[in-house]
Amino acid sequence: MIITPEKLKKWLDNDKNFTLLDTRPKDQIKQSPIKELKCIIGNPNSIDQIKGDKVLVCQFGIVTEGMILENELQNSFSLLGGVQAWNEFIKDKNDLSRWSRQTILREIGIDGQKKIMKARVAIVGMGGLGCPAATSLVAAGVGTLNIIDGDTVDLSNLHRQHLYQPVDIGRDKVNVAKRSLENISSQTKIIAFDNFLNQSNAKSCFENIDIIIDATDNIVSRQIIDKVSKDENIPMVYGSIYRFEGQVGVFNTNNKIGYSELFPDSISGGKTCEEAGAVGMLPSIIGNMQALEAIKLIVNLEPNLIGKLLIYDSLQHKTEVIEL
Amino acid sequence: MIKIRLKCFSQVKYALGTNEIIFELEDETFTDDLEKLVRKKAEGKLDNVTLSTAVNKKYISKNIELVDGDEVAFIPPVQGG
């Protein structure tokens, strides 16, 4: 079982009777002391001899979760996110333990998580790419998400667009997606734009946005995104699929080229998913790659796909990266 | 003569029916020459498709001369989402 820092604080405030055990090695306790919490330095081997409820603490909440499972400890709770999440909660009254599995990563950490929670991302197209990208970004804790699409849910969407259910057929995609995404996390502010992107509404869709995710299914929209991305200096995270193949890249960032330079005279981009077909897993993979690149941009993580085009062949599971 | 490896993606792959082709070409062959050859081999299936060129995994915006051992890709824009 786990307990969040917020819940633990309530237990403390309500004078609940339980034992707090710091299971970390002594040098780690010295290096990273736990704030405003008096713990017994616990011997992991004798924990099951302590009666009543126990809260076990380690640095990130991973060791104690394993300890409870492996030893089948009863009435024992692992502090989610460990000392890292608790100390942050004490400092800012902000419980980040939900994201403890990504704040453990030193490339993200608490500072990276705070950047993610302030980030404002727009997704154009709430179809095969947009649904997984939005789901992952909301789950990651992105602060604001603008979702832009004028389409309605169709039965043929459901095998790859998992924010929608049969009951949603005929309803506006963005409104259904907003409700589904809010069920994943209320942390993210979702702003729904129930219209297709065009030259006249593009600026309002991207106002105060840090990153644009191109999850559209047509070249004209991609060209509009590219122009705003260049004009407003907003990175464009491009994604697209064709049958069993997908493309991902980050354009107009660090003086690297954009979509219109890569494909200057895009007469035809091949068939759409409706015409060419699409296996449901591929847009989920590519949409998640786009979300990952957005997170890398937010936390300034390298290597990334800035100035690169990644081509993924899902039949052979091969990737090719072209320097742009 | 020079040997060039063509890597095929998206519509090019489907038009030519393969992932890769080795071409033996005359010296002083340029990227535009190879593109014409590929389009001809595709028998009209790439007529309306814009192709971007990469040589040795690097995007090339100009028509350049190919050298023995080069790896070339003609990348079409794809629009599914």
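Going down the list, the protein sequences come from chains F and H. FYI, the numbering for the first sequence is 1 to 324, going by my numbering. FYI, the numbering for the second sequence is 1001 to 1081, going by my numbering. Glycine is no exception: its CB is placed at the ideal position from the N, C-alpha and C atoms.
Element boundaries [alpha helix (DSSP H), containing residue i]
i	result
F:T103	S100 to T103
F:V83	G82 to D92
F:C205	A202 to C205
F:Y259	Y259 to L262
F:S284	M281 to V299
F:D313	Taken as a continuous stretch (DSSP letters only), F:D313 belongs to no alpha helix (DSSP H), being part of the beta strand (DSSP E) at K308 to D313.
F:M117	G109 to K118
H:T1031	T1031 to K1041
F:K16	Taken as a continuous stretch (DSSP letters only), F:K16 belongs to no alpha helix (DSSP H), as it is neither H nor E.
F:G239	Unbroken run through F:G239 is the beta strand (DSSP E), M236 to Y242; no alpha helix (DSSP H).
F:E232	I219 to E232
F:K189	Note, F:K189: premise wrong, no alpha helix (DSSP H); beta strand (DSSP E) at K189 to F193.
F:K30	K26 to Q31
Proximity winner among the options, relative to residue i (alpha-carbon distances)
i	options	result
F:I209	F:K318, F:V121 and F:F77	F:V121
F:K308	F:Y242, F:A192, F:Y238 and F:P33	F:Y238
F:S32	F:L20, F:V57 and F:D15	F:V57
F:E325	F:D194, F:M1 and F:D13	The question about residue 325 of chain F has no answer, for chain F in this structure spans 1 to 324.
F:T319	H:M1001, H:K1003, H:K1007 and H:D1070	H:K1007
H:F1074	H:E1020, H:V1067 and H:D1068	H:E1020
F:I50	F:R24, F:K38, F:N17 and F:G81	F:N17
H:E1026	H:E1071, H:V1067 and H:P1077	H:V1067
F:F206	F:L80, F:E323, F:I148 and F:I108	F:I148
F:S240	F:Q28, F:N255, F:N233 and F:M289	F:M289
H:N1048	H:G1069, H:A1015 and H:E1028	H:A1015
F:S185	F:V142, F:L315, F:D217 and F:I29	F:V142
H:S1029	H:Y1059, H:P1077, H:P1076 and H:K1003	It is worth fixing the name first, because residue 1029 of chain H is Thr in this sequence and not Ser. Selected option, being the one with the closest Cα: H:K1003.
F:I29	F:N198, F:P283, F:N75 and F:F60	F:F60
F:D151	F:D217, F:T144 and F:V167	F:D217
H:A1054	H:F1023, H:P1076 and H:G1044	H:P1076
F:N304	F:S314, F:L315 and F:V321	F:V321
F:I234	F:L297, F:A192 and F:I219	F:L297
H:E1043	H:E1024, H:V1072 and H:G1017	H:G1017
H:F1023	H:V1072, H:T1050 and H:G1081	H:V1072
F:R106	F:Q84, F:K91 and F:G125	F:Q84
H:T1013	F:Y242, F:E302 and F:F193	Per the sequence presented here, residue 1013 of chain H reads as Lys, with Thr not at that position. Ranking the options by Cα distance to H:K1013, first place goes to F:Y242.
F:A215	F:D95, F:Q74 and F:V248	F:V248
F:I123	F:F196, F:L69 and F:N75	F:F196
Contact list for residue i against chain H, beta-carbon separation under 9 Å
i	result
F:W218	First, the amino acid is wrong: residue 218 of chain F is Asn here, not Trp. By Cβ distance, chain H contributes Q1079 and G1081.
F:L325	Because chain F is modelled from 1 through 324, residue 325 of chain F falls outside the range shown and cannot be assessed.
F:L96	Neighbours of F:L96 on chain H: none; closest Cβ ~32 Å, over 9 Å.
F:L163	Within 9 Å Cβ-Cβ: nothing; F:L163 doesn't reach chain H, min ~15 Å.
Proximal chain H residues relative to residue i, where beta-carbon distance stays under 8 Å
i	result
F:S186	Per Cβ cutoff of 8 Å: no residues; F:S186 is ~28 Å from chain H at best.
F:F196	Simply none; closest approach about 13 Å.
F:S240	P1077, V1078, Q1079, G1080 and G1081
Beta-carbon neighbours of residue i, restricted to chain H and to distances below 7 Å
i	result
F:D265	T1050
F:Q247	V1078
F:I311	F1009
F:A278	G1080
Opening and closing residue of the beta strand (DSSP E) in which residue i lies
i	result
F:G61	That residue, F:G61, is in no beta strand (DSSP E); it is neither H nor E in DSSP.
F:V174	Run containing F:V174: none in the beta strand (DSSP E); it sits in the alpha helix (DSSP H), K173 to I184.
F:T144	T144 to I148
H:C1008	I1002 to C1008
F:Q247	E245 to F251
F:S76	S76 to L79
F:V167	Segment: none, F:V167 is in no beta strand (DSSP E) and carries neither H nor E.
F:K318	K318 to E323
F:T135	Taken as a continuous stretch (DSSP letters only), F:T135 belongs to no beta strand (DSSP E), being part of the alpha helix (DSSP H) at G130 to A140.
H:T1053	S1052 to V1055
H:K1058	K1058 to I1060
The ligand NAD heavy atom lying under 7 Å from the CB of residue i
i	result
F:A133	With respect to the ligand NAD, the structure offers nothing, as it holds no ligand at all.
Test: residue i CB closer than 8 Å to a CB of chain A
i	result
H:D1047	Checking the listed chains, one finds no chain A in this structure; the protein chains it contains are F and H.
If contact means a Cβ-Cβ distance below 8 Å, which residues of the stretch 1049-1071 of chain H contact chain F?
Hits within the stretch, in order: V1049, T1050, S1052, A1054, K1057, K1058, Y1059 and S1061.
Output needed in chain order: residues of the stretch 313-324 of chain F with a Cβ under 9 Å from some Cβ in chain H.
Cβ contacts with chain H: D313, Q316, K318, E320, V321, I322, E323 and L324.
Can you list, in chain order, the residues of the stretch 1003-1023 of chain H whose Cβ is nearer than 9 Å to any Cβ on chain F?
Going along the stretch 1003-1023 of chain H in chain order, one finds K1007, F1009, S1010, Q1011, K1013, Y1014 and N1019 with a Cβ nearer than 9 Å to chain F.
Under 8 Å: do the stretch 96-106 of chain F and the stretch 30-46 of chain F share three or more Cβ pairs, one atom per stretch?
Segments in contact, no.
Residues from the stretch 122-154 of chain F in contact with chain H, defined by Cβ distance under 7 Å
Identification of residues in the stretch 122-154 of chain F having a C-beta nearer than 7 Å to some C-beta of chain H yields G125, G127, G128 and L129, given in sequence order.
With a cut-off of 8 Å, do at least 3 Cβ pairs link the stretch 1060-1079 of chain H to the stretch 1026-1043 of chain H?
Counting Cβ pairs under 8 Å, three or more are found: they touch.
Decide yes or no for the touch test of the stretch 221-230 of chain F against the stretch 161-181 of chain F: beta carbon pairs closer than 8 Å, at least 3 of them.
By the criterion of at least three beta-carbon pairs nearer than 8 Å, the stretch 221-230 of chain F is not in contact with the stretch 161-181 of chain F.
Counting pairs of Cβ atoms below 8 Å between the stretch 128-139 of chain F and the stretch 107-114 of chain F, do you hit three or more?
With a cut-off of 8 Å, the stretch 107-114 of chain F and the stretch 128-139 of chain F do not count as touching, because too few Cβ pairs lie within range.
The stretch 158-169 of chain F touching the stretch 192-204 of chain F, judged by at least three CB pairs closer than 8 Å
Under the 8 Å Cβ criterion, the stretch 158-169 of chain F does not count as touching the stretch 192-204 of chain F, having fewer than three qualifying pairs.
Scan the stretch 199-218 of chain F for residues whose Cβ lies nearer than 7 Å to a Cβ of chain H and list them as they occur along the chain.
The stretch 199-218 of chain F vs chain H, Cβ under 7 Å: A215, T216, D217 and N218.
Under 8 Å, with one C-beta from each stretch per pair, do the stretch 251-258 of chain F and the stretch 124-132 of chain F reach the 3-pair mark?
Three or more Cβ pairs closer than 8 Å define a contact, and the stretch 251-258 of chain F falls short of that threshold against the stretch 124-132 of chain F.
Touch check for the stretch 227-237 of chain F and the stretch 256-266 of chain F: three-plus C-beta pairs under 8 Å?
Enough Cβ pairs lie closer than 8 Å, so yes.
If contact means a Cβ-Cβ distance below 9 Å, which residues of the stretch 247-262 of chain F contact chain H?
Cβ contacts with chain H: Q247, I257, Y259, E261 and L262.
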